[in-house]
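In this note's numbering, the protein residues as written are 1469 to 1552. Heads up, the beta-carbon is just placed ideally off N, CA and C, and yes, glycines get one too. On a predicted model such as this, the values are computed, not experimentally measured, just so you know. Let me begin by presenting the structure, written as structure tokens, before commenting on it.
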């Protein structure tokens, strides 16, 4: 899969926190351990863990975009695009 963020989220309400929706993503991951170069990492807050705790790991593994449900200190990452 290779798709621009704007095409992927067409019709979905979102807010760009930083970056652009022109970024191309190769795959979508919700488990930071499975994130690869070109991935969009989707943070999901669950009962046992919170995906927001793994943003830095996802970026280290090559995530180019992060989707969050809550605010986050973005200074810690070097990710291209961030959506909420």
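Burial state of residue 1480 is exposed, judged by a 10 Å Cβ sphere holding fewer than 16 other Cβ atoms.
Of 1473, 1503, 1514 and 1482, the smallest CA-CA separation from residue 1525 is found for 1503. Boundaries of the alpha helix (DSSP H) harbouring residue 1526: 1523–1528, taken from the DSSP string.
The beta strand (DSSP E) runs lying completely inside the stretch 1477–1507 and spanning 3 residues or more are 1484–1486 and 1495–1497, given in chain order. DSSP lists 1518 as the beta-bridge partner residues of residue 1513.
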